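Okay, structure first, notes after.
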Amino acid sequence: MPEPTRPDDDALTIVHRVRALTIELHLIGADFASRNRLHTTDLRALICLLDADRSGVPATPGLLADELALTSASTTALVDRLERAGHIRRVRDTADRRRVLLEVTPSAVELGWSFFGPLIGAATETIDDFTPDEQGTIERFLVQMTAAAAATRDQLAP
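Residue numbers (our numbering): 15 to 172.
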């Protein structure tokens with residue numbers, strides 16, 4: 015069997031920098047979760063719901079289950095926990111009263127901004143250091159890296 019090829023040093027340097035950024039962001043998220051008595055899955059769920067809202071995608075328990083790779087029972091427990099904490103609310107879909115949508119509460123959004131606002135500010139200032147063409151390249155890189163990571167996760171799934 016042929017030995018796998020080793021990526022060049024420049025590519026590995028970038029991979030290591032992405033990994034370092036990922037670790038920093040994970041630590042910040044874990045700190046927020048700990049300070050607010052949330053599970054890290056709770057934080058990922060809130061981010062998922064906010065992303066869905068921003069994208070105009072209906073935020074349903076099924077979406078959470080798919081995005082977070084949770085069972086139906088785990089998703090129900092997660093939604094119940096977030097609702098009890100006042101971070102989300104269940105609302106009936108006006109187009110289909112049988113369907114339940116999930117909304118992040120304004121107080122949860124404010125809590126998130128109070129903690130993550132400085133990080134978002136620092137990130138946007140950093141992005142502003144790049145030209146629009148460079149920003150396009152960065153965005154393309156991040157989209158492709160996210161797709162590559164998701165594809166690898168799918169390949170590794172049992």
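Every residue, glycine too, gets a C-beta built ideally from N, C-alpha and C.
The structure displayed is predicted, hence computed values, not measured ones.
In the DSSP output, which residue or residues are listed as bridge partners for residue i?
| i | result |
| --- | --- |
| Ile102 | Val118 |
For the candidate residues the options, whose alpha-carbon lies nearest to that of residue i?
| i | options | result |
| --- | --- | --- |
| Ile42 | Arg167, Thr160, Phe130, Pro172 | Phe130 |
| Val105 | Ser48, Asn50, Leu115 | Leu115 |
| Arg98 | Leu52, Val157, Ala161, Ala25 | Leu52 |
| Arg111 | Leu96, Thr89, Thr74 | Thr74 |
| Leu125 | Thr36, Arg49, Ile28 | Arg49 |
Here's the rule I'm using: 16 or more other beta-carbon atoms within 10 Å means buried, otherwise exposed. How should residue i be labelled?
| i | result |
| --- | --- |
| Ala109 | exposed |
| Phe46 | buried |
| Gly150 | exposed |
| His101 | buried |
| Gly76 | exposed |
| Ala163 | exposed |
| Ala122 | buried |
The segment 130–146 / the segment 52–60 touching (three or more Cβ pairs under 8 Å): no
What are the start and end residues of each continuous alpha helix (DSSP H) run of 4 or more residues lying completely inside the segment 55–82, in chain order? 75–82
Pairs of beta-carbons, one from the segment 65–85 and one from the segment 111–127, closer than 8 Å: are there three or more? yes
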